[in-house]
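>
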């Protein structure tokens with residue numbers, strides 16, 4: 001599969017599953033990721049949750065980030081690497097969120113919240129963008145100035161960690177902040193490893 005085909009296939013799959021959800025075929029009860037101590041947790045949910053979304057805004061934000069940052073990142077790597085970046089970002093993002101949730105909640109309490117969305121994958125791609133293009137200018141809507149990509153990602157990750165452990169979130173309490181952090185870690189590590197390997201091969 002060509003790189004561009006995989007890129008648009010991921011966006012198309014996310015969109016198609018959300019549309020099917022609106023039409024009554026709701027996969028969330030068995031495909032969203034449950035907490036570690038929940039009896040409904042299944043192995044496939046670690047992957048399937050990456051392709052589901054809660055609402056239209058959730059979908060649009062993730063697809064915009066994947067498209068905007070994914071296109072230049074995809075131009076710098078092969079399809080299999082981009083696929084690994086996407087899938088591992090979502091997988092590790094969900095795993096880190098569930099791990100922190102398990103640590104923060106009492107053992108006797110079984111949280112009923114599910115995690116879903118491509119946010120971990122989107123943050124992996126965003127972090128890879130910042131690693132590949134660290135000085136690229138990025139702006140935030142309604143702010144009159146821009147940030148370099150490397151500082152932009154650092155600031156967002158710092159906020160996500162703060163929101164997780166302080167309980168203070170600018171966008172509501174149903175945000176899986178540590179999934180974003182997990183995705184960003186994957187993006188940074190994979191890009192660093194691939195760059196290091198490339199430099200070694202060139203030498």
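In UniProt numbering, the protein residues as written are 1 to 203.
A virtual CB, placed ideally from N, CA and C, is assigned to each residue, including glycine.
Every value quoted in this text rests on a predicted model; they were computed, and no experiment measured them.
(1) Taking the alpha carbon of residue 127 as the reference point, which residue from 21, 177, 192 and 48 has its own alpha carbon closest?
(2) Report the residue ranges of all beta strand (DSSP E) runs contained in full by the UniProt domain "Peptidase S54 rhomboid" (42-196); include only those spanning at least 3 residues, in chain order.
(3) Measuring CB to CB, does residue 147 end up less than 7 Å from residue 69?
(4) For a test of the three-state rule: what should DSSP assign to residue 36, helix, strand or coil?
(5) Do the region 169-188 and the region 86-96 meet, that is, are 3 or more Cβ pairs less than 8 Å apart?
(6) Is residue 23 helix, strand or coil by DSSP?
(7) Sorted by chain position, which residues of the same chain lie with C-beta nearer than 7 Å to residue 13's C-beta, five sequence neighbours on each side aside?
(8) Quick one: Cα of residue 155 to Cα of residue 10, how far?
(9) Output needed for residue 160: all residues of its chain with C-beta closer than 6 Å, excluding positions within five of it in sequence on either side, in chain order.
(10) Leaving aside the five residues before and after residue 169 along the sequence, list all residues of the same chain whose C-beta is less than 8 Å from its C-beta, in chain order.
(11) Expressed to the nearest angstrom, what Euclidean distance is found between the alpha-carbon atoms of residue 134 and residue 87?
(12) Distance check for residue 7 and residue 59, CA to CA, integer angstroms please.
In terms of the structure at hand:
(1) Position 127 of the chain shown holds residue 127. Ranking the options by Cα distance to residue 127, first place goes to 192.
(2) 137-139 and 146-148
(3) Taking the first residue of the chain shown as 1, we reach residue 147 at position 147. Taking the first residue of the chain shown as 1, we reach residue 69 at position 69. Against a cut-off of 7 Å, the Cβ pair of residue 69 and residue 147 comes out as no contact.
(4) Locating residue 36 in the chain shown gives position 36, counting from the first residue. Coil at residue 36, not helix or strand.
(5) yes
(6) Against the chain shown, residue 23 aligns to sequence position 23. Here residue 23 sits in coil by DSSP.
(7) Sequence index remark: in the chain shown, residue 13 carries index 13 (1-based). Here the set comprises 51.
(8) One-based indexing of the chain shown puts residue 155 at position 155. One-based indexing of the chain shown puts residue 10 at position 10. Taking the straight line joining both Cα atoms gives about 27 Å.
(9) For the purposes of this step, residue 160 is taken as residue 160 along the chain shown, with counting starting at 1. Closer than 6 Å at Cβ, skipping near neighbours: 177, 180 and 181.
(10) Along the chain shown, read from residue 1 onward, the residue named residue 169 stands at position 169. Closer than 8 Å at Cβ, skipping near neighbours: 163, 175 and 177.
(11) Residue 134 sits at position 134 when you count from the first residue of the chain shown. Residue 87 sits at position 87 when you count from the first residue of the chain shown. Their backbone Cα atoms lie some 23 Å apart in a straight line.
(12) Here residue 59 refers to the residue found at position 59 of the chain shown. Here residue 7 refers to the residue found at position 7 of the chain shown. Roughly 16 Å between the two C-alpha positions.
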